Amino acid sequence: MAARLGRGTKTGLMVGWLALAPLAVARPVAPEPPSEPAGEAPAAEGRVIDRVVAVIGTQVLTLSELEFEARVTLVQRGGVRAAEVSLDEQTLRGALELAINQRLLVAGADRLQAFQAERSEVEARLRAFRDRFEDETALLAFLARHDADLEQLTAVLERGVRAERILDSRIRLRAQVSEAEVRRYWEEHKGTLGGPYEAVRDTLKEKLFRERYGQLAKEEFKLVRESARVRRVAPFARAREGEP
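Counting from 1, position 83 in the sequence shown corresponds to residue 83 in my numbering; the numbering is continuous, with no gaps.
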């Protein structure tokens with residue numbers, strides 16, 4: 001395994017580090033009984049048309065937006081078919097953590113007018129997303145099923161690109177692993193690793209980099225959230241004990 005992360009690998013890792021929570025589709029869940037808890041917006045005939053999940057700073061995040069963003073992330077991770085089944089609360093909570101992290105990072109950059117996404121990078125991300133589907137018709141059908149369009153999809157992908165760049169700028173240098181650290185790890189674990197040092201060096205370096213990057217990301221998000229105003233409205237969205 002090469003020591004240097006490729007663009008595709010890096011993007012996948014960044015999505016996970018931004019979420020810092022599992023985002024896996026579980027078994028389909030039963031529909032909720034009709035109700036109108038706080039944050040819901042009733043239609044004229046009394047049906048619920050959407051629900052406020054959280055308020056992040058001045059941004060309102062609705063359930064339909066969260067579900068769409070969750071499915072976009074699932075497709076990016078290769079789960080086109082999985083993205084069509086019902087999403088359970090664990091999946092939605094993971095998607096919510098990703099949504100909060102991205103929005104807080106981008107909002108901070110907006111205040112400084114910094115870290116604008118390169119158009120070419122957003123277009124490349126959109127092409128990669130399209131390639132997950134059999135053809136353009138399948139992509140448009142996916143968007144139609146979720147009441148979205150290409151403009152909304154592009155906005156979601158662009159926010160992801162910006163959030164990744166911001167996080168990377170803050171912690172990538174600090175996450176670098178020295179040759180001495182890699183060799184020390186090998187010396188401590190060579191009995192279970194197998195093979196000579198040169199044969200496993202690149203794999204170990206990437207492993208240690210991933211672990212350090214993930215820990216630094218957790219610390220970064222903790223700092224970002226300490227001064228942020230995040231109000232979780234939906235019951236599943238409310239932070240559990242010990243969470244920010």
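Heads up, the beta-carbon is just placed ideally off N, CA and C, and yes, glycines get one too. Predicted model only: the values in this text are computed from it and were never measured.
**Prompt:** In terms of residues, what are the limits of the alpha helix (DSSP H) holding glutamine 59?
**Reply:** It is not in any alpha helix (DSSP H) - glutamine 59 instead sits in the beta strand (DSSP E) that spans 59-62.
**Prompt:** With 16 as the cutoff for other CB atoms within 10 Å, does threonine 73 come out buried or exposed?
**Reply:** buried
**Request:** Please state whether DSSP places valine 53 in a helix, a strand or coil.
**Result:** strand
**Asked** Going by DSSP, what residues sit across from valine 106 in a beta bridge?
**Response** Answer by DSSP bridge pairing: none, since valine 106 is not bridged.
**Item:** Ordered list of beta strand (DSSP E) runs contained in the stretch 171-199, each at least 3 residues
**Value:** none
**Asked** Can you tell me where the beta strand (DSSP E) with valine 230 in it begins and where it stops?
**Response** 230-232
**Sequence-distant residues of its chain with Cβ nearer than 6 Å to proline 37 (five each side left out)** = Low local confidence applies: a pLDDT of 48 at proline 37 is under 50, so the model's placement there is unreliable, and no value is given.
**Prompt:** For the stretch 79-138, which segments carrying the alpha helix (DSSP H) assignment without a break, of at least 4 residues, lie completely within its bounds, in sequence order?
**Reply:** 89-112, 119-130
**Prompt:** When DSSP labels each residue in this structure, what does aspartate 168 get in the three-state scheme?
**Reply:** helix
**Prompt:** Under the rule that 16 or more other beta-carbon atoms within 10 Å means buried, what is glutamine 113, buried or exposed?
**Reply:** exposed
**Message:** Looking only at its chain, what residues have a beta carbon closer than 6 Å to the beta carbon of arginine 231, apart from the 5 residues adjacent to it on each side?
**Reply:** Val55
**Request:** Let me know the secondary structure DSSP gives valine 224 once reduced to three states.
**Result:** helix
**Request:** Determine contact between the stretch 172-181 and the stretch 133-143, defined as no fewer than three beta-carbon pairs at a distance below 8 Å.
**Result:** no
**Helix, strand or coil at arginine 77 according to DSSP, with G and I counted as helix** = coil
**Message:** Please report the straight-line C-alpha distance between leucine 87 and glutamate 67, rounded to a whole angstrom.
**Reply:** 8 Å
**Asked** Do you know how far the Cα of glutamate 164 is from the Cα of arginine 127?
**Response** 18 Å
**Asked** Rounded C-beta distance between leucine 157 and leucine 143? I'm assuming under 8 Å.
**Response** Rounded, the Cβ-Cβ distance is 13 Å, inconsistent with contact.
**Prompt:** Skipping 5 residues on each side, what residues in its chain have a beta carbon closer than 7 Å to that of arginine 183?
**Reply:** Tyr197
**Message:** Less than 6 Å between C-beta atoms, sequence neighbours within five positions excluded: which residues of the same chain meet that for arginine 162?
**Reply:** Val106, Phe115, Ala117
**Asked** Using CA coordinates, which residue listed in Val60, Arg225, Arg77, Lys205 is at the minimum distance from arginine 125?
**Response** Arg77
**Request:** Could you check if alanine 141 is buried or exposed, using at least 16 other CB atoms within 10 Å of its CB as the buried criterion?
**Result:** exposed
**Asked** Would you say alanine 234 and arginine 103 are within 9 Å of each other, going by their C-beta atoms?
**Response** no
**Asked** Tell me which same chain residues have a C-beta within less than 8 Å of the C-beta of proline 208, skipping the five on either side of it?
**Response** It should be pointed out that residue 208 corresponds to leucine in this sequence rather than to proline. So the qualifying residues of the chain are Val177, Glu181, Val182, Tyr185.
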